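**Q**
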Amino acid sequence: MYNTSRLHRLAMSAAILLNMSVVAVAQQFKANSIVIERPWTRATPAGAKVAGGYMTITNTGSEPDRLIGGVLPQAGRFEVHQMKMNGNVMQMREVQGGLEIKPGQKVELNPGGSHLMFMQLREPLKQGETLKGQLRFEKAGSVDIEYSVEGLGAQGPQQHDH
Amino acid sequence: MRNISRNAVWIGATLVALILAGAILFGRVYLRDDGGLPSVAQIGGPFSLVDHHGKPVTDRDYLGKPTLVFFGFTNCPNVCPSTLLELTNQLEELGSDADRLNVLFITVDPERDTPQQLALYLSSFDSRITGLSGTPENILAVEKAYHIFARKVPLEDGGYTMDHTATVAVMNSRGQYVDAIHYQAPSKITRAKLNRLLGLGNS
Chain G
1 MYNTSRLHRL AMSAAILLNM SVVAVAQQFK ANSIVIERPW TRATPAGAKV AGGYMTITNT
61 GSEPDRLIGG VLPQAGRFEV HQMKMNGNVM QMREVQGGLE IKPGQKVELN PGGSHLMFMQ
121 LREPLKQGET LKGQLRFEKA GSVDIEYSVE GLGAQGPQQH DH
Chain P
1001 MRNISRNAVW IGATLVALIL AGAILFGRVY LRDDGGLPSV AQIGGPFSLV DHHGKPVTDR
1061 DYLGKPTLVF FGFTNCPNVC PSTLLELTNQ LEELGSDADR LNVLFITVDP ERDTPQQLAL
1121 YLSSFDSRIT GLSGTPENIL AVEKAYHIFA RKVPLEDGGY TMDHTATVAV MNSRGQYVDA
1181 IHYQAPSKIT RAKLNRLLGL GNS
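Protein sequences appear in the order of chains G and P.
When we follow our numbering, the leftmost residue of the first sequence carries the number 1, and every step to the right adds one.
When we follow our numbering, the leftmost residue of the second sequence carries the number 1001, and every step to the right adds one.
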């Protein structure tokens, strides 16, 4: 009995580990020295015209690069924004001239900081969908990526278990 | 010599008076008894707006029940949907007790957030949340009454986004400000505030 459950647990752990590594590989995208990990966005409320794009971007090279734009087919406009809480006031600014990624730097795009802003959405984004998109870097050029669409209030990408 | 000691007495007396005044003020603001949830600030007041069904409403329509008031806009990617989702989760957890609350989502962007747009947007959240829009003048007036900062920020494409206060104002059943729920406050703390507001024990 003890042995069976232990074996079972071991098998489960192995399966989970295997799944996680598959996911990690599937959610990593590269262009020259730019590595993009786990792009995600959130499901949007009905009638919402905006959504945020989040991920980590690492520059493994020796030259600085800049994220200067991109495309999400569901959105009419794509910008890089910076969100900040100033006391109780939420402030949103466009990042002028693109987002710099210094050599060796890992930049986190998240809901409470720098993020992509998808505007003029043509359709709601639904939880569980995978969206194809593209990012454009000054030096690394264009990179095709895929976003996982998480829940409305998600604070990060889920570990998908299949 | 005599003058110096007289000055010292005056300075001392002034200091004592200042300390006393500070202590009284501190006591009134921070050590208030929350049993009856007394009003603590001149926040709130009359307003005249339109709800998401297109019906004209005033502040008087929401008296008799405690009211949560949140200002935002539907072109808001993070703070507004996150807060509305948190409020939705709270209302669902409270179940029928939440029927004894008003929850208002007042737009800071009346140009784009018509009652129809608010109705569509709020269909993704708890149906007990009411959206309010109105003329730019009336929205400005309600922002002022609730001490809400809101400002248009132009974007490169000619469009705009909004900076705005992200705090939820908690009003008692007489329409007086009693508390605030800050952005990203832990759900447990918000729940305790709502329980107190509704006279429920902390579960």
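By construction, the Cβ of each residue, glycine as well, lies at the ideal position given by its N, Cα and C atoms.
This structure is a prediction, so every number in the text was calculated from the model and none was measured.
Could you spell out the range, first to last residue, of the beta strand (DSSP E) harbouring Ser114/G?
**A** Locating residue 114/G in the first sequence gives position 114, counting from the first residue. First-last of the beta strand (DSSP E) with Ser114/G: 114 to 121.
**Q** Tell me whether Ile1019/P is buried or exposed, calling it buried when 16 or more other Cβ atoms sit within 10 Å of its Cβ.
**A** Along the second sequence, read from residue 1 onward, the residue named residue 1019/P stands at position 19. That one is exposed.
**Q** Would you check if the distance between the CB atom of Tyr54/G and the CB atom of Leu116/G is smaller than 9 Å?
**A** Along the first sequence, one-based indexing puts residue 54/G at 54. Along the first sequence, one-based indexing puts residue 116/G at 116. Against a cut-off of 9 Å, the Cβ pair of Leu116/G and Tyr54/G comes out as a contact.
**Q** For the region 1121 to 1146 of chain P, enumerate the residues whose C-beta is nearer than 9 Å to any C-beta of chain G, in chain order.
**A** Of all residues in the region 1121 to 1146 of chain P, Tyr1121, Leu1122, Ser1123, Ser1124, Phe1125 have a Cβ within less than 9 Å of some Cβ in chain G.
**Q** By the three-class DSSP mapping on this structure, what secondary structure does Met20/G have?
**A** In the first sequence, the residue the question calls residue 20/G occupies position 20. Annotation note: pLDDT 46 at Met20/G (below 50); position unreliable, no value reported.
**Q** Taking Cβ positions only, does Arg42/G come closer than 9 Å to chain P?
**A** Counting from one through the first sequence, the residue named residue 42/G turns up at place 42. By this cut-off, Arg42/G is an interface position.
**Q** Threshold first: 3 residues or longer. Then list the beta strand (DSSP E) segments lying entirely within the region 1049 to 1085 of chain P, N to C.
**A** Qualifying beta strand (DSSP E) stretches, in chain order: 1056 to 1058, 1067 to 1072.
**Q** What's the C-alpha gap between Gly87/G and Pro103/G?
**A** For the purposes of this step, residue 87/G is taken as residue 87 along the first sequence, with counting starting at 1. For the purposes of this step, residue 103/G is taken as residue 103 along the first sequence, with counting starting at 1. In a straight line, the C-alpha of Gly87/G is about 33 Å away from that of Pro103/G.
**Q** When the cut-off is 9 Å and only beta carbons count, does Met1166/P lie next to chain G?
**A** Indexing the second sequence from 1 puts residue 1166/P at position 166. First, the amino acid is wrong: residue 1166/P is Ala here, not Met. Cβ-Cβ to chain G under 9 Å: yes for Ala1166/P.
**Q** Counting Cβ pairs, one atom from each stretch, are 3 or more of them under 8 Å apart for the region 1063 to 1079 of chain P and the region 45 to 59 of chain G?
**A** Touching, yes.
**Q** Would Val164/G pass as an interface residue toward chain P - the criterion being a Cβ-Cβ separation below 9 Å?
**A** Summary: the structure shown does not reach residue 164/G, with chain G confined to residues 1 through 162, and so no result is reported for it.
**Q** Count the other CB atoms within 10 Å of the CB of Ile1181/P; is the residue buried (16 or more) or exposed (fewer)?
**A** Counting from one through the second sequence, the residue named residue 1181/P turns up at place 181. The residue in question, Ile1181/P, is buried, as its Cβ has 16 or more Cβ neighbours within 10 Å.
**Q** Using 8 Å for Cβ pairs, my map puts Met1162/P next to Arg1151/P. What's the rounded Cβ distance?
**A** For this step, residue 1162/P is matched to residue 162 along the second sequence. For this step, residue 1151/P is matched to residue 151 along the second sequence. That pair is a contact at about 7 Å.
**Q** Go through its chain and collect everything with a Cβ distance to Ser1005/P's Cβ below 7 Å, but skip five positions before and after it.
**A** Sequence index remark: in the second sequence, residue 1005/P carries index 5 (1-based). For Ser1005/P, where only same-chain residues beyond five positions count, there are no Cβ hits under 7 Å.
**Q** Is the Cβ of Lys30/G closer than 9 Å to any Cβ of chain P?
**A** Within the first sequence, numbered from 1, the residue matching residue 30/G stands at position 30. With 9 Å as the cut-off, Lys30/G does not count as an interface residue toward chain P.
**Q** How many whole angstroms separate the CB atoms of Pro1115/P and Ser1127/P, which I take to be in contact at a CB cut-off of 8 Å?
**A** Residue 1115/P sits at position 115 when you count from the first residue of the second sequence. Residue 1127/P sits at position 127 when you count from the first residue of the second sequence. 15 Å between Cβ atoms; not a contact.
**Q** According to the neighbour-count rule (16 or more other Cβ atoms, all chains shown, within 10 Å of its Cβ), is Gln1117/P buried or exposed?
**A** On the second sequence, position 117 is the one that residue 1117/P refers to. By the 10 Å Cβ count, Gln1117/P comes out buried.
**Q** Would you mind telling me which residues of chain P sit closer than 9 Å to Arg136/G, beta carbon to beta carbon, in chain order?
**A** Against the first sequence, residue 136/G aligns to sequence position 136. Neighbours of Arg136/G on chain P: none; closest Cβ ~16 Å, over 9 Å.
**Q** So that I know if they touch, is there some Cβ in chain P lying closer than 9 Å to that of Pro73/G?
**A** Locating residue 73/G in the first sequence gives position 73, counting from the first residue. It does not; no Cβ of chain P falls within 9 Å.
**Q** In chain order, which continuous runs of the beta strand (DSSP E) of length 3 or greater are located wholly inside the region 1096 to 1180 of chain P?
**A** List check, beta strand (DSSP E) in window: 1102 to 1107, 1129 to 1133, 1150 to 1154, 1160 to 1165, 1168 to 1171.
**Q** Select from the region 1052 to 1080 of chain P all residues with a C-beta closer than 8 Å to any C-beta belonging to chain G, and list them in chain order.
**A** Within the region 1052 to 1080 of chain P, the qualifying residues are Thr1074, Asn1075, Cys1076, Pro1077, Asn1078, Val1079.
**Q** Under a three-way DSSP split, which group does Val941/P fall into?
**A** Because chain P in this structure spans residues 1001 to 1203, residue 941/P falls outside the shown range and cannot be described.
**Q** Excluding the 5 residues flanking Val107/G on each side, which residues of the same chain have their C-beta closer than 6 Å to its C-beta?
**A** Residue numbering aside, residue 107/G sits at position 107 when the first sequence is read from its first letter. Here the set comprises Ile57, Ile101.
**Q** Quick one: is Val1103/P near chain G, going by C-beta distance under 9 Å?
**A** The sequence position of residue 1103/P within the second sequence is 103, counting from 1. For Val1103/P, the answer is no, since every Cβ of chain G falls outside 9 Å of its Cβ.
**Q** Shorter than 9 Å from the beta carbon of Tyr1177/P to some beta carbon of chain G?
**A** Stepping through the second sequence from its first residue, residue 1177/P is reached at position 177. Answer no: the Cβ-Cβ gap between Tyr1177/P and chain G never drops below 9 Å.
**Q** What are the residues in the region 1183 to 1203 of chain P lying within 7 Å of chain G by C-beta distance?
**A** So the list reads Tyr1183, given in the order they occur along the chain.
**Q** From Leu67/G to Ala1041/P, what distance separates their C-alpha atoms?
**A** By one-based count along the first sequence, residue 67/G stands at place 67. By one-based count along the second sequence, residue 1041/P stands at place 41. Cα to Cα, the separation comes out at about 46 Å.
**Q** Determine, for Gly153/G, whether the minimum Cβ-Cβ distance to residues of chain P falls below 9 Å.
**A** Within the first sequence, numbered from 1, the residue matching residue 153/G stands at position 153. With 9 Å as the cut-off, Gly153/G counts as an interface residue toward chain P.
**Q** Pull the bridge partners of Ala51/G from the DSSP assignment, please.
**A** Residue mapping note: residue 51/G aligns to position 51 of the first sequence, counting from 1. Ala51/G is bridged to Phe118/G.
**Q** Please report whether the beta-carbon of Glu63/G lies at a distance below 9 Å from any beta-carbon of chain P.
**A** As a first step, residue 63/G is located in the first sequence; it is residue number 63 there, counting from the start. False, the Cβ-Cβ gap to chain P never drops below 9 Å.
**Q** Who are the neighbours of Gln1042/P on chain G, taking C-beta pairs under 8 Å?
**A** Taking the second sequence and counting its residues from 1, the one referred to as residue 1042/P is at position 42. What Gln1042/P touches in chain G: nothing, since even the nearest Cβ is about 17 Å away.
**Q** If the criterion is Cβ atoms closer than 9 Å, does the pair Glu146/G and Leu125/G meet it?
**A** By one-based count along the first sequence, residue 146/G stands at place 146. By one-based count along the first sequence, residue 125/G stands at place 125. Against a cut-off of 9 Å, the Cβ pair of Leu125/G and Glu146/G comes out as no contact.
**Q** Assign Ser188/G to one of three DSSP states: helix, strand, or coil.
**A** Absent from the structure is residue 188/G, since the part of chain G shown begins at 1 and ends at 162.
**Q** By the 10 Å Cβ neighbour count, where 16 or more other Cβ atoms means buried, how is Gly1131/P classified, buried or exposed?
**A** Indexing the second sequence from 1 puts residue 1131/P at position 131. Answer is buried; the Cβ neighbour count reaches 16.
**Q** Give me, in chain order, the residues of the same chain whose beta-carbon lies closer than 7 Å to that of Gly1054/P; leave out the 5 immediate sequence neighbours on both sides.
**A** Locating residue 1054/P in the second sequence gives position 54, where the first residue counts as 1. The residues are Pro1115.
**Q** May I have the straight-line CA-CA distance separating Ala1098/P from Asn1172/P, to the nearest angstrom?
**A** Here residue 1098/P is taken as the residue at index 98 of the second sequence, counted from 1. Here residue 1172/P is taken as the residue at index 172 of the second sequence, counted from 1. Taking the straight line from one Cα to the other gives about 14 Å.
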